[in-house]
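Encoded as structure tokens, the structure appears first; notes follow it.
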Amino acid sequence: VYKFIVYDAGIKKIARYQQYFAVKNTIDRVNYTDRGKRRGGVIWHTQGSGKSLTMVWLAKSLALEPAILNPGIVLVTDRIDLDDQIYKTFKNCDKEVVQAKTGKHLVELINIREEIKTLSEKHSHLWDLFKSIEKKKDEEAFEQLLADKSLRDKFYERLSAYVRTLKIAMS
1 VYKFIVYDAG
11 IKKIARYQQY
21 FAVKNTIDRV
31 NYTDRGKRRG
41 GVIWHTQGSG
51 KSLTMVWLAK
61 SLALEPAILN
71 PGIVLVTDRI
81 DLDDQIYKTF
91 KNCDKEVVQA
101 KTGKHLVELI
111 NIREEIKTLS
121 EKHSHLWDLF
131 KSIEKKKDEE
141 AFEQLLADKS
151 LRDKFYERLS
161 AYVRTLKIAM
171 S
């Protein structure tokens, strides 16, 4: 139960049933391996249903999952204001977060394996990063990409080209 409780700016928040099951089912899916490869998936949320907090609980659950050693978590957004909103949500929930300022900065952060990183689609090196991760073995580059609002046409088209890299998506 402790995985599903956070304090957002001092206010205690507990996952609603759909958030609980989204996180639980995602962890179960990620823990299942098919011929050595982990599975990912998509979590669909409606507007205003708590996607950012679901991401916090999912990141927390991934970090606490014994079967997943040292997970790297990258949050991908398609708008700077959304990037800032998610960053503030993680900060308000007392989660350590580093917000990448450029694509090069993101690559540096991934190389030093900080706990959580965020990046806006505006940074051009994002797609080069996906290509570099894609070439690594699953065990070497188990990156969770939590993409909020990713069904915007242009962003979705680009992101879908990297489906092998994408482990978990949220919309």
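So the sequence shown is numbered by full-length UniProt numbering: it starts at 1 and just counts up by one.
By construction, the Cβ of each residue, glycine as well, lies at the ideal position given by its N, Cα and C atoms.
Residue i, DSSP secondary structure in three states
i	result
residue 103	helix
residue 49	coil
residue 108	helix
residue 92	helix
residue 70	coil
residue 1	coil
residue 24	helix
Rounded C-alpha distance that separates residue i from residue j
i	j	result
residue 47	residue 106	28 Å
residue 5	residue 57	8 Å
residue 8	residue 36	37 Å
residue 110	residue 71	11 Å
residue 16	residue 55	13 Å
residue 96	residue 66	20 Å
residue 104	residue 50	30 Å
residue 87	residue 93	10 Å
residue 39	residue 32	7 Å
residue 34	residue 73	21 Å
residue 41	residue 69	19 Å
residue 59	residue 80	21 Å
residue 101	residue 28	33 Å
residue 45	residue 77	15 Å
residue 91	residue 10	11 Å
residue 98	residue 64	19 Å
residue 1	residue 20	9 Å
Residue i - partner residues in DSSP beta bridges
i	result
residue 12	7
residue 33	38
Within 9 Å, strictly: CB atoms of residue i and residue j
i	j	result
residue 61	residue 89	no
residue 14	residue 26	no
residue 75	residue 84	no
residue 3	residue 23	yes
Residue-chain proximity (residue i, chain D), Cβ-Cβ < 9 Å
i	result
residue 33	Among the chains of the structure shown, chain D does not appear; only one protein chain is present.
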